[in-house]
């Protein structure tokens, strides 16, 4: 039964993004643009940003793929780009070898929002990452968008919250973001047609 379940629902691979990978000039995510989707709770806020380069590439090679003229929007959509550009972008971003959906995640805990002591910030970051890892291990069929980076901005409530509550909030956030993305693709069917 477990072999059938794993074949039907491939496991999600969690790929952590370090804060250094978010810094220009070779940032994997454009943080100065508004996020594609957002979800807020008392414990954290989750923002989805489109990925510009694969995370597993070395930093010096991590540049956005050239997909047409620079004035076209990023990520590419069927309304603005040629089909070959979209195919190339998907080949660069997906894990074609293993057919495993990837959850690119980064947790940012700031001094201003949480606490001035690094011990407190590290505990908040560790607790949120542990809840995310537990959730990915348990729930094999979470809706994950591999072409986006999931950026979590933690708050000071993470320090004293129970781990079960943190995991429930992370689950709620991932499901809400997944349903919002499904509604967006249903509203714009031209973006969801296969190439």
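Residue numbers (my numbering): 867 to 1061.
C-beta atoms are modelled at their ideal positions from N, C-alpha and C, and glycine is treated no differently.
Keeping to the same chain, check which residues put their C-beta closer than 7 Å to that of residue i; ignore five residues upstream and five downstream.
i, result
"residue 1027", "909"
"residue 845", "No answer is possible for residue 845: the residues shown for the chain start at 867 and end at 1061."
"residue 1043", "903, 905, 912 and 914"
"residue 907", "1035 and 1039"
"residue 884", "none"
Just the C-alpha distance for residue i and residue j, rounded to the nearest angstrom, thanks.
i, j, result
"residue 984", "residue 973", "14 Å"
"residue 1038", "residue 1045", "11 Å"
"residue 1021", "residue 950", "42 Å"
"residue 980", "residue 1041", "25 Å"
"residue 926", "residue 1015", "Low local confidence applies: a pLDDT of 49 at residue 926 is under 50, so the model's placement there is unreliable, and no value is given."
"residue 999", "residue 890", "28 Å"
"residue 1076", "residue 982", "Past the edges of the chain, shown from 867 to 1061, lies residue 1076, and the structure says nothing about it."
"residue 1018", "residue 992", "12 Å"
Just to confirm, is the Cβ distance from residue i to residue j under 8 Å?
i, j, result
"residue 994", "residue 1024", "yes"
"residue 881", "residue 970", "yes"
DSSP has residue i in a bridge; who is on the other side?
i, result
"residue 983", "In the DSSP output, where bridge partners are listed per residue, residue 983 has none listed."
"residue 1018", "912 and 973"
"residue 956", "According to DSSP, which records beta bridges pairwise, residue 956 is partnered with nothing at all."
"residue 906", "911"
"residue 944", "Answer is none; residue 944 lacks a bridge partner."
"residue 901", "Residue 901 pairs with nothing; no bridge assigned."
"residue 882", "971"
"residue 895", "917"
Using a Cβ-Cβ cutoff of less than 6 Å, which residues in the same chain neighbour residue i once the five nearest sequence positions on both sides are dropped?
i, result
"residue 967", "878, 1010 and 1012"
"residue 990", "975, 980, 1020, 1024 and 1025"
"residue 887", "894"
"residue 942", "933, 951, 952 and 955"
"residue 901", "913, 914 and 915"
Taking 8 Å as the limit between beta carbons, can you name the residues of its chain near residue i, skipping five residues before and five after?
i, result
"residue 899", "915"
"residue 977", "987"
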